[in-house]
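Presented below is the structure to which this report refers.
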Amino acid sequence: MIRLTDLHKSFGANRVLAGVTLEVARGESMVIIGGSGTGKSVLLKSILGLVTPDAGRIEIDGQEVAGARMGRAAREAFLARFGMLFQGAALFDSLKVWENVAFRLLHGPGKLSKAEARDRAIDRLRRVGLRPEVADLYPAELSGGMQKRAGLARAIAANPEIIFFDEPTTGLDPIMAGVINELIREIVTEMGATAMTITHDMTSVRAIADRVAMLHGGQIRWTGPVADMDATPDPYVQQFIHGRAEGPIAAVR
Amino acid sequence: MSVTAPLAWLGHLVLSILAETGRVSRFTGATLAALVRPPFYAREFLHALLQIGWLSLPVVGMTALFTGGALALQIYAGGARFSAESVVPSIVAIGMARELGPVLGGLMVAARVASSIAAEIGTMKVTEQVDALVTLSTDPMKYLTVPRVLAATLSMPVLVAVGDSIGIFGGYLVGVNRLDFNGATYIKNTVDFLQFWDVGSGLVKGAVFGFLVALMGCYHGMNSGRGAQGVGRATKSAVVAASVLILAANYLLTEAFFSA
């Protein structure tokens, strides 16, 4: 349902995406791996229209996405299908946790009453393992792991068809990372959502992925089912998943 | 270094000034376009009104009080040179209403508000909160910029009016207690000489300055660089740009309102 064809993006002289072609089927959990600075975030942001690609095609369900050039209503309808968990959770610190989770439900078309939105927010918070008392705190009062959970609750609050996870386990301790991985896997499965995750945490990859794609040098270096990942002879993938300093990927980027 | 290096430097400077002017103009256009199109975020607007208008009252009031007092002392000293001490009340009133009320009030608000807007929005930008707004189908221009710009534009004239009154009161305090003016005469002279447009022009200036302050705060915040350093630079640029624009706009408005 998500098809990227020959996507290019440069920032000045820095070519970040150099012809990315990738397909993600409906209901599939795709994990994109790659080192820091290989354009993983830019890839997700291009799909959402936060970054405008220089060239290439982005299609959702066979329909081309025109990013920022779309009309307001079309863009709103488009974005309503998405949920995104940001790397630092990106909760709005001027709003309470429940107002963050219910943000989409409180604004825009088809908005709910305050009481309904709050109930939904508390329900979602419970789903990600946060107690209802957390709802009335401000994001700054939460620990990193709780912020990630609240961010996850916000991403799923409006039942999106497509969910993006930007480095969901970065900055968390291994146990909390495991909890978040498990939550992501469960939620994606029970909602039947299509998921795209970017990460360089191999534990996360094995926990979340149906399929894996490796981004290197601005292109998809390898893609396949997660089960085939260990067996692939591709030296780039092998170096990455085993974290070797020696190999085709230069350690200094 | 070649002989053409200074020329290249000059060309570079001119180009970057033009480019920045273009970016600011585009941002202003986008702000005005977002202002007239729904949705309107009333809660954000009220919050901005509180932050920008209400909470700026003490700093604007203190500035005006001391300025009015100093002004009375200076005008008295200057007037004494040609036996015209009696002009103190009217000149203090005109000076506060036309110039010092709006300009000093504007500069104080620039320091207080442009910096806090730039730092807040800059931090939101750096921590991806602005991106998060977009993914939640909310236009950052409408949600962040419009409420602040509108609140500043509407509350600055009120702040200027309050500042004018307190400034004139500061002059009155000094006039009556230090310069032996009669209280009733001081007030009568102030009221008799002051014309509507003396005050009105200052209020219009205030609205323009308020617009510039919030616009610069939002513009530099939205274009903040990465990290703490980026936010720091955005904050500094916002205050500098807002202050310089206020002084430049003040000259142009004075020229437009009062030049013969």
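Heads up: the sequence lines are chains G and F, in that order.
If you read the first sequence in the working numbering, its first letter stands for residue 906, the second for the next number, and so on.
If you read the second sequence in the working numbering, its first letter stands for residue 7, the second for the next number, and so on.
Note that beta-carbon positions come from the ideal geometry of N, C-alpha and C, so glycine has one too.
It should be emphasised that the depicted structure is a prediction, and the values quoted were computed from it without experimental measurement.
Between the stretch 950-970 of chain G and the stretch 1047-1060 of chain G, the count of C-beta pairs closer than 8 Å stays below three; the two stretches do not touch. In the three-state DSSP reduction, Pro1130 of chain G falls in the strand class (E or B). Contact annotation for Thr141 of chain F against chain G: Leu953, Leu984, Phe987, Met989 [CB-CB distance below 7 Å, chain order].
The C-alpha of Val947 of chain G is placed about 21 Å away from the C-alpha of Tyr1141 of chain G.
Annotation: the continuous alpha helix (DSSP H) that includes Ile100 of chain F extends over 94-100. Residue contact with chain G for Glu134 of chain F: present (Cβ-Cβ distance below 8 Å to some residue of chain G). Taking a contact to require three or more Cβ pairs closer than 8 Å, the stretch 1024-1037 of chain G and the stretch 145-161 of chain F do not qualify as touching. Inter-segment contact for the stretch 111-121 of chain F and the stretch 215-235 of chain F is present: three or more beta-carbon pairs are separated by less than 8 Å. Fewer than three pairs of CB atoms, one per stretch, sit closer than 8 Å, so the stretch 1005-1014 of chain G makes no contact with the stretch 1072-1092 of chain G.
Taking a 10 Å sphere around the C-beta of Trp1003 of chain G, we find 16 or more other C-beta atoms and assign the residue as buried. Chain-order list of chain F residues neighbouring Ala995 of chain G: Thr133, Glu134, Gln135, Asp137, Ala138, by C-beta distance under 8 Å. As for any alpha helix (DSSP H) of minimum length 4 sitting wholly inside the stretch 1046-1134 of chain G, the runs are 1049-1061, 1079-1096, 1107-1113, ordered along the chain. At least 8 Å separates the beta-carbon of Ile1067 of chain G from that of Arg980 of chain G.
Straight-line spacing of the CA atoms in Ala70 of chain F and Gly173 of chain F works out to 4 Å. Counted as a single uninterrupted DSSP element, the alpha helix (DSSP H) harbouring Glu50 of chain F occupies residues 48-54. Cβ proximity to chain F below 7 Å picks out Phe1008, Arg1009, His1012, Gly1013 from the stretch 1002-1016 of chain G.
Under the Cβ criterion (8 Å, minimum of three pairs), the stretch 73-92 of chain F counts as touching the stretch 174-181 of chain F. Thr910 of chain G and Gly238 of chain F have their alpha carbons spaced roughly 39 Å apart.
Lys945 of chain G and Glu261 of chain F have their alpha carbons spaced roughly 54 Å apart. Taken through DSSP and simplified to helix, strand or coil, Thr73 of chain F comes out as helix. At least 8 Å separates the beta-carbon of Val1131 of chain G from that of Ala1155 of chain G.
Counting only residues of its own chain and dropping the five nearest sequence neighbours on each side, Asn1005 of chain G has a CB closer than 6 Å to the CB of Leu996, Phe997, Arg1059. DSSP places Gln201 of chain F in the coil class of the three-state scheme, outside both helix and strand.
Separation of Ala120 of chain F and Leu253 of chain F (C-alpha to C-alpha, rounded to the nearest whole angstrom) is 15 Å. Collapsing the DSSP output to three states places Asp911 of chain G in a strand. Using a Cβ-Cβ cut-off of 8 Å, Glu933 of chain G does not count as an interface residue toward chain F, since no Cβ of chain F sits closer than that to its own. For the stretch 967-995 of chain G, the continuous beta strand (DSSP E) assignments of 3+ residues that do not extend past its boundaries occur at 987-990, in sequence order. Between Val197 of chain F and Ala255 of chain F, the C-beta spacing is not below 8 Å. For the pair of segments examined, the stretch 926-934 of chain G was found to touch the stretch 1099-1106 of chain G: the number of CB pairs separated by less than 8 Å reaches three.
Taking a Cβ-Cβ cut-off of 8 Å, the neighbours of Glu981 of chain G in chain F comprise Ser143, given in sequence order.
If you draw a straight line from the Cα of Leu209 of chain F to the Cα of Ile1089 of chain G, it comes to about 56 Å.
For Val936 of chain G, the enclosing beta strand (DSSP E) starts and ends at 934-938. Sequence-distant Cβ neighbours of Val140 of chain F in its own chain, meaning closer than 8 Å and more than five residues away, are Pro146. Using a Cβ-Cβ distance cut-off of 8 Å, the stretch 186-201 of chain F and the stretch 91-104 of chain F are in contact, since at least three pairs of beta carbons, one from each stretch, lie closer than that value. Apart from sequence neighbours up to five positions away, the residues of its chain that approach Val65 of chain F with a beta-carbon distance below 7 Å are Met114, Arg118, ordered along the chain.
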